[in-house]
Amino acid sequence: YPTRYGIEAINIESLRFIAIAHTIGAFLMVAFVILHVYMTTTGETVLSNLRAMITGYEHIAEPEPTFTAQEAPQS
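Numbering (my numbering), first residue to last: 22 to 96.
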(Lines of atoms letter the chains of each structure in order from A and count residues from 1; the text may use other names and numbers.)
(Lines give C-alpha, C1' and ligand atoms only; values in the text may rest on other atoms or scores of the structure.)
Protein backbone atom coordinates (compact mmCIF):
# COMPACT_ATOMS: atom_id res chain seq x y z
CA TYR A 1 0.00 0.00 0.00
CA PRO A 2 1.38 3.45 -0.86
CA THR A 3 0.48 4.83 2.56
CA ARG A 4 2.60 2.26 4.38
CA TYR A 5 5.95 3.78 3.39
CA GLY A 6 4.84 7.21 2.34
CA ILE A 7 5.04 8.81 -1.08
CA GLU A 8 8.38 7.11 -1.81
CA ALA A 9 6.56 3.77 -2.25
CA ILE A 10 4.92 4.86 -5.52
CA ASN A 11 8.08 6.38 -7.07
CA ILE A 12 6.70 9.86 -7.60
CA GLU A 13 9.20 12.61 -6.97
CA SER A 14 6.57 15.30 -6.77
CA LEU A 15 2.83 15.48 -6.34
CA ARG A 16 2.69 18.65 -8.42
CA PHE A 17 1.30 16.93 -11.54
CA ILE A 18 -1.29 14.99 -9.55
CA ALA A 19 -2.37 18.12 -7.66
CA ILE A 20 -2.77 20.07 -10.91
CA ALA A 21 -4.70 17.23 -12.57
CA HIS A 22 -7.04 16.91 -9.59
CA THR A 23 -7.59 20.68 -9.49
CA ILE A 24 -8.44 20.79 -13.19
CA GLY A 25 -10.77 17.81 -12.74
CA ALA A 26 -12.51 19.49 -9.81
CA PHE A 27 -13.06 22.70 -11.79
CA LEU A 28 -14.46 20.71 -14.73
CA MET A 29 -16.88 18.83 -12.46
CA VAL A 30 -18.08 22.07 -10.85
CA ALA A 31 -18.53 23.67 -14.29
CA PHE A 32 -20.45 20.56 -15.45
CA VAL A 33 -22.87 20.80 -12.51
CA ILE A 34 -23.36 24.57 -12.89
CA LEU A 35 -23.99 24.22 -16.64
CA HIS A 36 -26.53 21.44 -16.14
CA VAL A 37 -28.40 23.34 -13.43
CA TYR A 38 -28.50 26.38 -15.73
CA MET A 39 -29.75 24.27 -18.65
CA THR A 40 -32.71 23.03 -16.58
CA THR A 41 -33.91 26.63 -16.28
CA THR A 42 -33.86 27.45 -20.02
CA GLY A 43 -37.23 25.89 -20.88
CA GLU A 44 -40.58 27.52 -21.48
CA THR A 45 -40.89 27.97 -17.72
CA VAL A 46 -38.15 27.72 -15.12
CA LEU A 47 -39.03 24.18 -14.07
CA SER A 48 -40.48 22.76 -17.31
CA ASN A 49 -37.29 20.92 -18.30
CA LEU A 50 -36.90 19.57 -14.77
CA ARG A 51 -40.49 18.33 -14.86
CA ALA A 52 -39.75 16.56 -18.15
CA MET A 53 -36.70 14.84 -16.62
CA ILE A 54 -38.66 13.61 -13.61
CA THR A 55 -41.87 12.54 -15.35
CA GLY A 56 -40.27 11.25 -18.55
CA TYR A 57 -42.32 13.25 -21.01
CA GLU A 58 -42.56 16.85 -22.12
CA HIS A 59 -45.69 18.84 -22.86
CA ILE A 60 -45.32 20.37 -26.30
CA ALA A 61 -47.85 23.06 -27.15
CA GLU A 62 -49.28 22.61 -30.62
CA PRO A 63 -49.71 25.83 -32.59
CA GLU A 64 -53.20 26.95 -33.55
CA PRO A 65 -54.06 26.05 -37.15
CA THR A 66 -54.18 29.00 -39.52
CA PHE A 67 -56.57 29.06 -42.46
CA THR A 68 -56.49 31.09 -45.63
CA ALA A 69 -59.68 32.53 -47.16
CA GLN A 70 -60.12 29.50 -49.45
CA GLU A 71 -59.45 26.91 -46.69
CA ALA A 72 -61.66 28.43 -43.99
CA PRO A 73 -64.35 26.02 -42.77
CA GLN A 74 -67.88 27.01 -43.75
CA SER A 75 -70.27 27.57 -40.87
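Glycine residues also receive a C-beta, built at the ideal position from the N, C-alpha and C atoms.
Could you give the residue range of the alpha helix (DSSP H) that holds Gly-46? From DSSP, the alpha helix (DSSP H) with Gly-46 extends over 37-61.
* Asked: What span of residues does the alpha helix (DSSP H) with Leu-68 cover, start to end?
  -> Segment: none, Leu-68 is in no alpha helix (DSSP H) and carries neither H nor E.
inquiry  = If the criterion is Cβ atoms closer than 9 angstroms, does the pair Thr-62 and Leu-56 meet it?
reply    = No, Cβ-Cβ distance for Thr-62 and Leu-56 is not below 9 angstroms.
Using beta-carbon positions only, say whether Gly-77 and Asn-70 come within less than 9 angstroms of one another. At the C-beta level, Gly-77 and Asn-70 stay beyond 9 angstroms of one another.
Check whether Ile-33 and Ile-39 have beta carbons under 9 angstroms apart = Annotated as proximal: Ile-33 and Ile-39, with beta-carbon spacing under 9 angstroms.
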